[in-house]
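These notes are about the structure you will find just below.
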Amino acid sequence: MADVTGSFLREQLLDRRQRLDSAIAESGDSAGLVQLLNEVDSALRRMDNGSYGICEVCHESVEKPRLVADPLVRFCLDHLTADQQRALEQDLELASQLQRDLLPEEIVSYGGWQVCCHYQPVGPVSGDYCDVIVGAGHGDGRDLFFALGDASGKGVAASMLMAHLHAITSWSSAPAGFSATA
5 MADVTGSFLR EQLLDRRQRL DSAIAESGDS AGLVQLLNEV DSALRRMDNG
55 SYGICEVCHE SVEKPRLVAD PLVRFCLDHL TADQQRALEQ DLELASQLQR
105 DLLPEEIVSY GGWQVCCHYQ PVGPVSGDYC DVIVGAGHGD GRDLFFALGD
155 ASGKGVAASM LMAHLHAITS WSSAPAGFSA TA
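The sequence shown begins at 5 in the working numbering and counts up one residue at a time.
Right under this line is the structure:
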């Protein structure tokens with residue numbers, strides 16, 4: 005795991021450790037935070053001894069996208085318990101539904117234009133992004149914008165980037181004077 009991904013994951017774990025230390029100091033004794041801190045420390049020890057990213061059951065490499073999404077993962081997909089597999093499937097279905105909810109309507113009509121969108125991801129979630137933003141410009145209110153993108157990576161991590169991009173474009177196209185806190 006001595007590559008760019010490994011360096012990135014180490015930085016993420018060290019940052020997480022620092023934030024957990026601060027949260028524990030502020031909140032006093034919090035068993036859940038202490039347990040999470042112990043898991044982070046365990047992952048850092050595995051990095052130091054060269055066993056990080058290796059499945060504790062089959063001793064093969066854990067899938068990199070899973071490690072990027074959750075640096076504390078210790079098992080490859082093949083060795084999840086039935087409950088863990090069901091939880092993962094439910095999480096993927098929820099992520100897929102959330103991603104579909106961020107997509108524009110299949111047919112958008114505005115100002116004499118008709119825009120048709122078709123979205124067909126390869127997997128349950130992806131980093132593909134499309135949006136049609138109507139009436140959000142600085143002109144006469146009849147502007148029509150298209151946003152297309154493909155977030156780097158695959159799966160849940162890329163879909164999270166897509167959701168972030170959607171939030172940014174939605175916020176930046178909001179009418180003047182709009183406040184998310186209002």
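Note that the Cβ used here is the ideal one computed from N, Cα and C, for glycine as well. Here the structure is a predicted model, which is why all the values come from computation and not from measurement.
Margin query: With H, G and I counted as helix, E and B as strand and the rest as coil, what does DSSP make of Ala-186?
Written below: Here residue 186 is taken as the residue at index 182 of the sequence shown, counted from 1. Its pLDDT being 38, under 50, Ala-186 is placed unreliably in this model, and the value from its coordinates should be taken loosely. The answer is coil: DSSP assigns Ala-186 none of H, G, I, E or B.
Notebook entry, point to check: Under 9 Å, do Leu-106 and Asp-135 count as touching if we go by C-beta distance?
Noted result: One-based indexing of the sequence shown puts residue 106 at position 102. One-based indexing of the sequence shown puts residue 135 at position 131. Contact: yes.
Check: Who are the Cβ neighbours of Met-166 in its own chain at under 6 Å, not counting the five residues just before and after it?
Finding: Stepping through the sequence shown from its first residue, residue 166 is reached at position 162. Correct list, in chain order: Gly-131, Tyr-133 and Ala-155.
Item checked: Distance between beta carbons of Ile-111 and Gln-118, contact taken as under 8 Å -> Your numbering for residue 118 matches position 114 in the sequence shown. Your numbering for residue 111 matches position 107 in the sequence shown. Indeed they touch by this definition, with Cβ atoms about 7 Å apart.
Notebook entry, point to check: Since Pro-108 contacts Cys-120 with CB under 8 Å, what's their CB separation in whole angstroms?
Noted result: As a position in the sequence shown, residue 108 is number 104, starting the count at 1. As a position in the sequence shown, residue 120 is number 116, starting the count at 1. Cys-120 and Pro-108 do not touch by the CB rule: their CB atoms are close to 10 Å apart, not below 8 Å.
Checklist line | Phe-12 (DSSP reduced to helix, strand or coil) | finding: As a position in the sequence shown, residue 12 is number 8, starting the count at 1. Correct three-state label for Phe-12: helix.
Check: Going by DSSP, which residues form a beta bridge with Ile-137?
Finding: Counting from one through the sequence shown, the residue named residue 137 turns up at place 133. DSSP, once it has assigned bridges, lists Phe-149 as partnering Ile-137.
Check: Within this structure, are the beta carbons of Glu-43 and Leu-76 separated by less than 9 Å?
Finding: As a first step, residue 43 must be located in the sequence shown, where it is residue number 39. As a first step, residue 76 must be located in the sequence shown, where it is residue number 72. In this structure, Glu-43 lies near Leu-76, with their beta-carbon atoms less than 9 Å apart.
Next item on the list: Jot down the residue ranges of each uninterrupted alpha helix (DSSP H) in the segment 8-75, minimum 4 residues, whole runs only, in chain order.
Entry: 8-31, 35-53 and 68-73, all fully within the segment 8-75.
Item checked: Same chain, Cβ closer than 7 Å to Ser-176, five either side skipped, listed in chain order -> Working through the sequence shown from its first residue, we reach residue 176 at position 172. Non-local C-beta neighbours of Ser-176 in its own chain, meaning closer than 7 Å and more than five positions away in sequence, are absent.
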